[in-house]
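Undergrad: Using our numbering, read the sequence shown as starting at 4 and increasing by one per residue. Think of the CB as a built atom: it goes at the ideal place given N, C-alpha and C, for glycine as much as any other residue. Given the structure is predicted, the values throughout are model-derived calculations rather than measurements. Take a look at this one; I'll ask things after.
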Amino acid sequence: MKRFVILTGAGISAESGISTFRDHDGLWQTHRMEDLATPEAWKRNPELVLEFYNQRRKQLFEVNPNAGHLALVKLEEKFDVQIITQNVDDLHERAGSSNVLHLHGELRKASSTIDPNLVYDIGNKPIKLGDLCEKGSQLRPYVVWFGEPVPKIHEAVTLASKADIFIVIGTSLLVYPASGLIHYVAIEVPKYYVDPKAFGVHGVRNLNVIKQKAGTGVPELVKELLQNV
Ligand code: APR
4 MKRFVILTGA GISAESGIST FRDHDGLWQT HRMEDLATPE AWKRNPELVL
54 EFYNQRRKQL FEVNPNAGHL ALVKLEEKFD VQIITQNVDD LHERAGSSNV
104 LHLHGELRKA SSTIDPNLVY DIGNKPIKLG DLCEKGSQLR PYVVWFGEPV
154 PKIHEAVTLA SKADIFIVIG TSLLVYPASG LIHYVAIEVP KYYVDPKAFG
204 VHGVRNLNVI KQKAGTGVPE LVKELLQNV
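Laid out in structure tokens, this is it:
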């Protein structure tokens, strides 16, 4: 069975109504990333940080997977499919994808501030100041902030290096180390990049650039791959 590895970013969830980060209406255009998504911001004003992620968690339960998420599930009929997502939403899981690796964390979880191994399912509940882990420290969003290590990157690199087909969807490829994953995919492996602003990546061979939105570009690509691979 051919192994498909799929890297997704905020763009795959845009048509579900979740803002991306760097588009003209993106979250980092309307909010200061330095005040919300860094360890320093958390130290300075944890309440503000919690409120930002509480709102995003609440929004998650008002949106649904779109045709892009759903098309990726169909690939599982014929292929071994592994999704690596930079997204903290759960739309891949809710669409029905079986294997989803969250590089940057998950909104539906909270983690301890003294022991990163303590991770809790919180569903759609807000995290409040005073909510503690079992060791007595404040709970924080289970999200990788700028300046923090990305613990799952090693697993992601291994997956990328074993791909028979590699697909990138809805990411600006501006944030390291996720943006570097494509360089671990073997040269001869066919690669696809579906994004209205997709571009040829320097040093990457066999890359098919598909300048389309996920909601239309992904179902078309999936149909073609199911028929021809
Ligand atoms: N379909 C597909 N792609 C889209 C769509 C759409 N409907 N709408 C926008 N896009 C694309 C944009 O063209 C852009 O390339 O989605 C991409 C979004 O890029 P970013 O906002 O930079 O999001 P992402 O690449 O996921 O950001 C990476 O940055 O702030 C951090 O941790 C956060 O995981 C995030 C990381």
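Give the DSSP-derived three-state secondary structure of Phe-55 in the structure shown.
TA: helix
Undergrad: Nearest CA to the CA of Pro-199: which residue from Ile-185, Asn-209, Lys-214 and Tyr-187?
TA: Lys-214
Undergrad: Around the Cβ of Gly-108, are there at least 16 other Cβ atoms within 10 angstroms (buried) or fewer (exposed)?
TA: buried
Undergrad: Curious, which full-length beta strand (DSSP E) runs of at least 3 residues does the stretch 100-132 contain?
TA: 103-105, 108-115 and 122-124
Undergrad: DSSP three-state label for Thr-88, please.
TA: strand
Undergrad: Going by DSSP, what residue range makes up the alpha helix (DSSP H) through Lys-46?
TA: Taken as a continuous stretch (DSSP letters only), the alpha helix (DSSP H) holding Lys-46 covers 42-47.
Undergrad: Once DSSP output is grouped into helix, strand and coil, what is the label at Pro-193?
TA: coil
Undergrad: Evaluate the contact criterion for the stretch 98-118 versus the stretch 126-138: three or more CB pairs, one atom per stretch, below 8 Å.
TA: yes
Undergrad: Does Asn-69 come out as helix, strand or coil in the three-state DSSP assignment?
TA: coil
Undergrad: Less than 6 Å between C-beta atoms, sequence neighbours within five positions excluded: which residues of the same chain meet that for Ser-175?
TA: Arg-25
Undergrad: Verify the contact flag: Gly-203, CB atom, against every heavy atom of the ligand APR, threshold strictly below 7 Å.
TA: Not so, every heavy atom of the ligand APR lies at least 7 Å from the Cβ.
Undergrad: With 16 other CB atoms within 10 Å as the buried threshold, where does Arg-60 fall?
TA: buried
Undergrad: With distances taken between CB atoms, is the gap from Lys-46 to Asp-167 smaller than 8 Å?
TA: no
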